[in-house]
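Residue numbers (our numbering), protein chains in the order written: chain P, 515 to 770; chain F, 1097 to 1197. Just so it is clear, CB atoms sit at the ideal spot from N, CA and C, and this is done for glycine as well.
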Amino acid sequence: MGICTLGGDEGQAEAPSSLNRVRPGTYRDGFRAILPLMPAIVAFGASFGVLARAAGVDALAAVVMSATTFAGSAQFAVVSVLGAGGTAVAAIAAAVLLNGRYVPMSVAASGAFTGGPVRRVLEAQLLVDESWALSRREEGGFDRRVLIGAGGLLYVGWVGGGVAGVLAGDTLTDPSTLGLDAAFPALFLALLAPLVRDRLALTAAVLGAAIALVLTPVTPAGLPVIAATAACLVGLTRPPRKHARRVPVRPQEARS
Amino acid sequence: MSTIWLCVLVVGAATIAIKASGPVLAAGRELPHGAARVVDLLAPVLLAALVATQALATDEQLVLDERAAGLLAAMVAILLRAPLLVVVVVAAATAAGLRAI
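This is the structure:
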């Protein structure tokens, strides 16, 4: 979901060290690890509710989206693309591509899940950036209980925050007077910042932004963002890594 | 069906399927190298494109207005390691302040 950025570093700095152990983790370990981030998660969830209402999104639709999509950046992408006059197809494509990052994360964590397909599908829904990062074991692999504990609490905070935000958003008047249209790019920039610590990601991001801006005057709204994904192809210039880590490096891992 | 509900249902269903793809289909296997390296960059590239268009585009035109000033203020807040909510409020307040002048 990308909320790692908003808790500052103090919350994350503690969490991975508590997972630095050989015994299998418990649901409670997951709760504990995510707890320092909860105020930020609830606030982020609430800001989705507020901005969704400001963009004219139906209150129930906003809450249902938080409960089913449960991925902040994709939800904000839908609301902002529609708000900027983009079509449903453009909004859906942007959100689904943005959630494409969950493919490698989900594949990486796949060994931790057990049981039949229904149980796997349900438990996998608690996989978000934070629960994924926190449930990674130092010695390799992922801890299912930590992922479910952290992801479960995060889910409650995210959806609860969303409901509160929708209610608060109903009392707002003119969104542009309050500068809420400037909130979207700021939010996306804050989510982007921790992802561009290496040169390749930074190059791809700058290229993506450039493609989107160049295409803006000549293509329908929403399309420039989709076309920007062509910049991902610079990833093919990266030499294959020796270790099987095919997932974005999280900031806290880079430091440890 | 309204546009937003269509988006909510399709994005919700797609996200559920994406998250379940690993545990249901992969069971401990890994993505091919090339695919993984491209997919890794989806999030930074799309977020950057959203930053650019949300700050500088209105309909199908490039516009320099109060949102750009808000974005600059946000950038400063991010460099000062402010929490996300502070970053967003700083940007909104900057744009609102300039409009009120």
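Where residue i falls, given that 16 or more other Cβ within 10 Å makes a residue buried
| i | result |
| --- | --- |
| residue 1149 (chain F) | buried |
| residue 1140 (chain F) | buried |
| residue 1098 (chain F) | exposed |
| residue 1186 (chain F) | buried |
| residue 1197 (chain F) | exposed |
| residue 618 (chain P) | buried |
| residue 657 (chain P) | buried |
| residue 671 (chain P) | buried |
| residue 611 (chain P) | buried |
| residue 708 (chain P) | buried |
| residue 739 (chain P) | buried |
| residue 1119 (chain F) | buried |
| residue 630 (chain P) | exposed |
Below-7 Å beta-carbon distance, residue i vs any chain P residue
| i | result |
| --- | --- |
| residue 1159 (chain F) | no |
| residue 1100 (chain F) | yes |
| residue 1197 (chain F) | no |
| residue 1188 (chain F) | yes |
| residue 1106 (chain F) | yes |
Residue-level contact to chain F via CB, residue i, 7 Å cutoff
| i | result |
| --- | --- |
| residue 606 (chain P) | yes |
| residue 631 (chain P) | yes |
| residue 615 (chain P) | yes |
| residue 658 (chain P) | no |
| residue 695 (chain P) | yes |
| residue 743 (chain P) | yes |
| residue 562 (chain P) | no |
| residue 713 (chain P) | no |
| residue 550 (chain P) | no |
| residue 682 (chain P) | no |
| residue 722 (chain P) | yes |
| residue 671 (chain P) | no |
| residue 634 (chain P) | yes |
| residue 727 (chain P) | yes |
| residue 592 (chain P) | yes |
| residue 473 (chain P) | For chain P, the structure presents residues 515 to 770; residue 473 (chain P) sits outside this window and is missing. |
| residue 599 (chain P) | yes |
| residue 547 (chain P) | no |
| residue 678 (chain P) | no |
| residue 611 (chain P) | yes |
For residue i, three-class secondary structure by DSSP
| i | result |
| --- | --- |
| residue 562 (chain P) | helix |
| residue 545 (chain P) | helix |
| residue 735 (chain P) | coil |
| residue 639 (chain P) | coil |
| residue 584 (chain P) | coil |
| residue 752 (chain P) | coil |
| residue 590 (chain P) | helix |
| residue 656 (chain P) | strand |
| residue 535 (chain P) | Because the pLDDT at residue 535 (chain P) is just 48, under 50, the model does not fix this residue reliably, and the value given afterwards should be weighed accordingly. DSSP places residue 535 (chain P) in coil when its eight states are reduced to three. |
| residue 569 (chain P) | coil |
Option nearest residue i by Cα separation, candidates the options
| i | options | result |
| --- | --- | --- |
| residue 726 (chain P) | F:1165, F:1177, F:1157 and F:1166 | F:1157 |
| residue 590 (chain P) | P:712, P:694, P:717 and P:655 | P:694 |
| residue 1182 (chain F) | F:1135, F:1169, F:1153 and F:1143 | F:1169 |
| residue 1128 (chain F) | P:622, P:597 and P:582 | P:622 |
| residue 1111 (chain F) | P:551, P:690, P:607 and P:701 | P:607 |
| residue 584 (chain P) | P:640, P:751 and P:719 | P:640 |
| residue 569 (chain P) | P:745, P:733 and P:692 | P:692 |
| residue 546 (chain P) | P:660, P:586 and P:604 | P:660 |
| residue 702 (chain P) | P:594, P:624, P:724 and P:675 | P:594 |
| residue 698 (chain P) | F:1195, F:1119, F:1152 and F:1132 | F:1152 |
| residue 716 (chain P) | P:738, P:586, P:644 and P:746 | P:746 |
| residue 1135 (chain F) | P:642, P:616, P:628 and P:735 | P:616 |
| residue 723 (chain P) | F:1114, F:1144, F:1188 and F:1194 | F:1144 |
| residue 704 (chain P) | F:1192, F:1195, F:1178 and F:1190 | F:1178 |
| residue 666 (chain P) | P:679, P:681 and P:543 | P:543 |
| residue 711 (chain P) | F:1189, F:1175, F:1121 and F:1162 | F:1175 |
Could you name the residues of the segment 1133-1146 of chain F whose beta carbon sits closer than 9 Å to any beta carbon of chain P, in the order they occur along the chain?
Only those residues of the segment 1133-1146 of chain F whose C-beta falls short of 9 Å from the nearest C-beta of chain P are listed: 1133, 1134, 1135, 1136, 1137, 1138, 1139, 1140, 1141, 1142, 1143, 1144, 1145 and 1146.
With 7 Å as the C-beta to C-beta threshold (strictly closer), list the residues of the segment 1166-1181 of chain F near chain P in chain order.
If the cut-off is 7 Å between Cβ atoms, the segment 1166-1181 of chain F has 1166, 1167, 1170, 1171, 1174, 1177, 1179, 1180 and 1181 near chain P.
For the segment 568-585 of chain P, which residues have a CB atom closer than 8 Å to at least one CB atom of chain F, in sequence order?
So the close ones are 571, 572, 575, 578, 579, 582, 583, 584 and 585.
Going along the chain, which residues of the segment 637-665 of chain P sit with their C-beta nearer than 8 Å to a C-beta in chain F?
Against chain F - using a Cβ distance shorter than 8 Å - the residues of the segment 637-665 of chain P are 637, 638, 639 and 641.
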